[in-house]
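Just add 6 to wherever you are in the sequence shown, counting from 1, and you've got my numbering.
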Amino acid sequence: MSNSPDPFSSVVNVDSTRIDLSGEWQLRSSDGEYEVAARVPGDTHSALLDANKIEDPYWGRNELEVQDLARKDWLYSRVVEISEELLSAPSIFLHIESLDTIGEVWVNGVKLLETDNMFVRHRVEAKSVLRAGENEIEIRISSAELEAKRRAAAAPYPLPQTNAPIQSPHRNLVRKVQCHGGWDWGPCLMVSGINGPIVLATNEKGRIEYTYTEQTHRQGVCELEVFCEFESLVEESICWSAAFDGEIFSFEADLVKGANLLRGSLVVEEPKLWWPNGYGEAKLYDLSIEVAEEVVEKRIGLRKMDLVYEEDEVGLSFVARVNGVNVFCKGANWIPMDALPQRQTREAYEDLLTSSVDANMNMIRVWGGGQYEQDVFYELCDEKGLLVWQDFMFACSMYPSSKDFLESVEREAIHQVKRLRDHACIALWCGNNENIGALNWYEESRKNRDRYIVDYDRLNSGVLQRVTEELDPARVFWPSSPCGGPNDYSDAFHNDRRGDMHYWDVWHRGMNLEAYYEVTPRFCSEFGYQSFPSMEVVKTYAEEGDLNVTSPVMEHHQRNKGGNSKIVEMFTRYFRMPVGADGFIYLSQILQGLAIKMAVEHWRHLRPVCMGTLYWQLNDNWPVCSWASVNYGGKWKLLHHMAKEFYAPTIVSAFQKEGGDSVEIWLTNDRLEQVKGTVTLRVIDFSGKVLRSESFDREIVAEGAEKLMDLKIDEWTDSPEGTFLSMALETEEGLCDNTHFFAKYKTCEIEKAEISVSAAEIEGELVARVSTDKPAFFVSVDAEGISGEFDQNGFTLLPGEDRELVFRAKEEGVSADSLKGAIKVRDLRGTY
C-alpha cells in the first residue's frame with residue numbers, strides 16, 4: 007500500500023495482486039434528482055459542477071443555491087471485473103483511506119462496512135462476497151447534516167458549536183471536516199465523497215497494517231528500532247527485513263494468525279540529522295520494510311525533537327528544541343487548501359509549501375477545524391524542513407463524551423498517530439483548537455462549566471492524550487491551543503506568560519496596531535489581520551458592478567461579522583482613505599502586512615522569552631476576504647512578501663510606541679553563529695533628500711537580539727511628518743532593509759512618485775527593473791494574469807536606488823515582453 011496509485015486515473019488498474027478502484031464511478035442522489043459521472047477520489051459537489059448540474063458555488067452568492075445538497079443521500083457505484091486468478095488468493099481485502107462521512111459499503115448486495123468517521127481508514131475482508139466476472143460495488147452515503155440533527159435531538163443536553171454566517175448545524179456531532187459546515191473565512195459546502203486511495207488487494211500470507219520507528223540518539227549514533235504491525239493469515243516462522251539507506255537488516259519472527267507486532271533494531275553510525283528550514287539540511291533516509299513479500303517504503307529523518315515547557319521567572323516556557331537547538335518557530339496556520347476536496351492536488355500542496363519555505367518559514371500549524379492532511383503534505387514538509395504543529399480535528403465547540411463517540415475518536419486517533427508518527431516534520435500533537443476558551447463562549451457552558459469540563463476531559467485526556475502517549479511517546483501532547491500547559495484550564499487568550507497564546511485584540515477588539523507591543527507571548531500560535539484578496543481573485547467571484555466593499559457579493563465573500571467595516575475603519579486611523587476598488591484592495595493588503603510585521607518583529611526581538619510566531623493564516627479554501635497571506639489559487643498577497651523579509655534570519659527593526667518621542671532600533675539574529683554587519687540609518691525627506699546618515703559596525707549575538715540604540719526623534723529630525731527613517735543591515739549573507747515612519751502615514755505629505763519599469767531576460771531569468779524619481783512606499787509589482795511571483799515586493803523604492811526583481815514563473819511560455827505587458831505597479835501615494 008506504500009506506492010499509492012494515481013488518484014485521478016480514468017481506468018481500473020488491474021494486476022495479479024490488486025485492483026485500483028480510483029477513476030470514474032456513477033453518482034446519484036437517493037431522491038433521483040441527480041445522476042452523473044464522478045471522479046474517485048472526489049466529492050459530490052465537484053461531480054455535479056463537472057457535469058454542469060450546479061453553478062460554481064464560489065461565484066457571487068451561488069453558495070446559497072446549493073445548501074440543499076447537504077440534506078441529500080448519495081450513492082456511488084461501479085462495476086469491476088475480477089479474474090479467477092485474483093479470486094484464487096487466500097484473502098482479498100478492500101482498502102478505503104477515507105469515506106466522508108456517514109456511509110455503508112455494499113458488494114454484490116452484501117453490506118461489508120459501516121462508517122461514521124471520515125478520519126478512520128478502513129480495511130475489510132471481501133473475498134467471500136466477490137465472484138469471477140462482474141462485481142457491483144456501491145457506497146451509500148447518508149446526509150451528515152441530517153445525522154447531526156438527529157444526534158442533537160437525542161443528546162441529553164446541548165453541545166454548542168461556533169457560529170458562522172452560513173453554517174450547517176451541529177457539525178461538531180459528526181466526525182467530519184468541521185469547516186465543511188462553514189467558518190468565519192470559509193463557505194458552507196457539506197460535501198460527501200470518497201477521499202484518497204480505494205483498492206481491492208490480495209494477500210498470500212498477510213498484510214502490513216502500519217510501520218513506524220523509534221529513535222534513540224547518543225553521541226555519533228542513532229539507534230533505530232523498527233516496528234511492523236502485520237495481520238497474518240498463517241502461523242509460521244519467517245525472516246523479515248528492513249533496508250535502511252541501502253543496507254539490509256534481517257530479523258526472525260514467529261507469526262501467529264491475526265495481529266502481530268514485529269520489531270527489530272539497527273544502528274546508524276554518524277547519522278546526518280534532519281533540520282528545520284534555516285537550520286541545516288532536511289536530510290531524509292530511505293527505509294523499506296518487507297514481510298512475507300509485502301513491502302512498505304518510506305523516507306525518514308533522524309532527529310531528536312523536544313517541546314520544552316518549564317516553569318521559569320516569567321511563567322511557563324514553550325520552546326521547540328530540535329537536535330538540542332532551541333528553534334524560533336516562524337510560520338503560519340494551515341487550513342484545508344480547498345473547500346472542494348477534489349481540487350486538493352499534489353501541485354497545489356507543492357505550491358503552497360514552497361511558498362512557505364520561500365518566506366523563510368520553518369513551521370506550519372495544521373489547524374483543528376480542518377483535516378489530517380494527505381500523505382503528500384507531510385512528505386513535502388519532511389523534504390522542505392517544515393515542522394508541523396499537528397492539531398487533532400476538534401475546534402471551537404463542545405463535543406460529546408458518549409461511549410460511541412469516544413470509541414470512534416479512539417479509532418481515529420490510533421490510525422492518525424500510527425500513520426503520521428514517522429514523519430520527521432511532526433513537532434507535537436495538540437488536542438484541539440480553542441476548546442478550552444470555548445467553555446467561556448456559550449451560555450450553556452458558562453452556566454454549567456463542570457458538566458462540559460467532564461466532556462472535555464473524557465475526550466481530550468481520556469482518549470487523545472492517552473492514545474498519543476501510548477503510540478508516540480517521543481512527542482509531547484499539548485492539551486489545547488491556546489493553553490497554559492497540562493491541567494491548566496484558564497483562558498490562555500489573555501495570558502501572555504504561559505504556554506501558547508492566541509492574540510486577537512487588534513482584529514476582534516479593534517485595538518490599534520501598537521497594541522502588539524504590549525504583550526510578550528511565550529509562543530503566539532494565532533494572531534492575524536484581514537485583507538481583501540487581490541483584484542485578480544476578486545474578479546473570479548464578482549462582476550464589475552459588484553466591486554464595492556459594501557456590495558452584497560463583496561459582503562458575501564467576507565465571513566467575519568463586520569470584517570469589511572473593521573478594515574475601512576482602521577484605514578482612517580493610519581492612512582488616507584483610498585480611491586476606487588483597486589485602492590481599497592491594495593491598501594487593505596498594506597494594512598494587513600503592516601499589522602503582522604509589527605507583531606512579528608516585536609515578538610522576535612523578545613527571544614528567548616518568546617520563541618515562536620505562527621500568524622493566522624497561510625491560505626484560503628475559496629476566494630474570500632480573509633486573514634490569508636496567499637491568495638486562493640496561490641499568488642502571494644503583500645503580507646507574504648513582507649513575511650519573507652520579517653522572517654529572514656537576521657533583521658533590523660524599529661519600535662515606536664504611540665505618542666513616544668524615541669524609536670528603539672533592534673538587531674535580531676536567529677542564526678546559530680554570531681553575525682558581523684554594518685547598520686546604516688538615514689533620515690530622508692519625501693523628495694528623496696538624505697538629511698542625516700550614520701553607520702554602525704556590529705557583531706550581532708547568535709540566537710538572540712540586541713538593541714542598537716534609542717533614537718531620539720527630535721534629535722534626528724525637525725519634521726516627523728516630513729521625513730522617514732531608512733534602515734539597512736548589510737552582512738555577508740546579504741542586505742536587509744526596513745523603513746520606519748515617525749508619524750502616521752495619513753499625516754505625512756508624501757510626494758507623488760513617477761515609477762518606471764522595464765523587463766528583460768538576463769542569464770535565463772526574467773528580471774524587472776524598477777526606478778523612481780521620489781521615494782515610493784509599499785511598492786507592489788504584479789504580473790497580472792501570469793502565474794508567478796517576484797522575489798521582492800511591498801518594498802520602499804528610493805531615487806537612484808533602482809531594484810532588479812527576479813520573476814519566478816509558474817507557467818510555461820512567459821517571455822520578457824509578455825511580462826512587461828502584464829506588469830502593474832502600485833505604491834502608497836497612488837491609492838489616494
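The beta carbon of each residue, even a glycine, is placed where N, CA and C say it ideally should be. Note that the structure is a prediction, hence the values are computed from the model and not measured.
Which residue from the options puts its Cα closest to that of residue i?
i, options, result
"Val685", "Met733, Leu412 and Leu477", "Met733"
"Ser256", "Ala265, Gly264 and Arg269", "Arg269"
"Glu379", "Ile204, Val183 and Met541", "Val183"
"Gly710", "Phe334, Glu303, Leu322 and Lys830", "Phe334"
"Gln422", "Lys826, Phe125 and Leu804", "Phe125"
"Ala521", "Val606, Leu426 and Pro485", "Val606"
"Ile204", "His508, Glu103 and Gly728", "Glu103"
"Ile690", "Val630, Ala708 and Thr729", "Thr729"
"Glu237", "Phe538, Ala248, Trp65 and Tyr216", "Tyr216"
"Ser496", "Ala444, Val301, Val512 and Phe661", "Ala444"
"Cys585", "Leu834, Arg146 and Ala154", "The amino acid occupying residue 585 in the given sequence is Val; Cys does not appear at that position. Residue Leu834 is the option with its Cα nearest to Val585."
"Thr619", "Phe324, Glu235 and Gln225", "Phe324"
"Lys78", "Val197, Glu30 and Leu55", "Val197"
"Ser594", "Gln564, Val615, Pro539 and Arg613", "Pro539"
"Lys155", "Asn169, Ile145, Ala170 and Ser174", "Ser174"
"Phe813", "Thr837, Glu769 and Pro781", "Glu769"
"His611", "Ala660, Gln536 and Trp633", "Ala660"
Within 10 Å of its beta-carbon, does residue i have 16 or more other beta-carbons around it, so buried, or fewer, so exposed?
i, result
"Asn441", "buried"
"Leu825", "buried"
"Ser8", "At Ser8 the pLDDT is 35, less than 50, meaning the model places this residue with poor confidence and gives no usable figure here."
"Ala856", "Any answer about residue 856 is impossible in this case: the structure gives the chain only from 7 up to 838."
"Ile98", "buried"
"Thr723", "buried"
"Asp823", "exposed"
"Ile829", "buried"
"Val111", "buried"
"Gly827", "exposed"
"Cys228", "buried"
"Ala498", "buried"
"Gly491", "buried"
"Trp609", "buried"
"His107", "The displayed chain sequence assigns Thr, not His, to residue 107. With 16 or more other Cβ atoms within 10 Å, it is buried."
"Phe14", "Low confidence applies to Phe14: its pLDDT is 28, below 50, so where it sits in the model is not reliable enough to give any reading."
"Val372", "buried"
"Thr50", "buried"
Spell out the partners DSSP gives residue i in its beta bridges.
i, result
"Ala564", "Note that residue 564 is Gln in the sequence shown here, rather than Ala. Cys631."
"Gln32", "Ala43 and Ser83"
"Asn675", "Thr656 and Gly710"
"Thr2", "Residue 2 cannot be examined here, being either before or after the span of the chain that is shown, 7 to 838."
"Leu54", "Note: Leu54 sits in no beta bridge, so no partner."
"Leu313", "Ala326"
"Ile370", "Ala338 and Val394"
"Thr684", "Asp703 and Glu736"
"His508", "Glu532"
"Arg809", "Val776"
"Arg832", "Ser786"
Considering only heavy atoms of the ligand SAM, does any lie closer than 7 Å to the CB of residue i?
i, result
"Asp494", "Summarising the ligand content, the structure contains no ligands, and the ligand SAM is consequently not present."
For this session: Taking 8 Å as the threshold, find out whether the stretch 568 to 581 comes into contact with the stretch 511 to 518 through three or more Cβ pairs.
Result: yes
For this session: Please confirm if the stretch 634 to 643 is in contact with the stretch 535 to 555, defined as three or more CB-CB distances below 8 Å between the two stretches.
Result: yes
Problem set entry | the stretch 803 to 810 / the stretch 771 to 782 touching (three or more Cβ pairs under 8 Å) | yes
Problem set entry | the stretch 413 to 421 / the stretch 139 to 156 touching (three or more Cβ pairs under 8 Å) | no
Exercise. Are the stretch 153 to 173 and the stretch 444 to 453 touching, with three or more C-beta to C-beta distances below 8 Å?
Worked result: yes
Exercise. Where in the stretch 226 to 279 do unbroken runs of the alpha helix (DSSP H), each at least 4 residues long, occur, reported from the N-terminal end onward?
Worked result: none
Exercise. Between the stretch 183 to 196 and the stretch 278 to 294, do three or more beta carbon pairs fall short of 8 Å?
Worked result: no
Exercise. Where are the alpha helix (DSSP H) runs, 4 residues long or more, that stay fully inside the stretch 143 to 228, in chain order?
Worked result: 150 to 160
Exercise. Is the stretch 523 to 533 close to the stretch 505 to 514, with three or more CB pairs under 8 Å?
Worked result: yes
Exercise. Which whole runs of the beta strand (DSSP E) in the stretch 576 to 663 are 3 residues long or more, in chain order?
Worked result: 618 to 621 and 656 to 661
Exercise. Given 8 Å as the limit, is there contact between the stretch 127 to 134 and the stretch 84 to 100, that is, 3 or more CB pairs closer than that?
Worked result: yes
For this session: Scan the stretch 66 to 129 and note each continuous alpha helix (DSSP H) run of 4 residues or more that stays entirely inside, going in chain order.
Result: 90 to 93
For this session: Please specify which runs of the alpha helix (DSSP H), each continuous and at least 4 residues long, are wholly inside the stretch 722 to 781, giving them in chain order.
Result: none
Exercise. Should the stretch 378 to 398 be called in touch with the stretch 656 to 672, which here means at least 3 C-beta pairs below 8 Å?
Worked result: no
Exercise. Taking one C-beta from the stretch 146 to 156 and one from the stretch 76 to 94 each time, how about it: are there three or more such pairs within less than 8 Å?
Worked result: yes
Exercise. How do the stretch 338 to 349 and the stretch 302 to 320 stand: do at least 3 beta-carbon pairs fall below 8 Å, yes or no?
Worked result: no
For this session: Could you say if the stretch 703 to 718 and the stretch 755 to 768 meet the contact criterion of at least three C-beta pairs nearer than 8 Å?
Result: no
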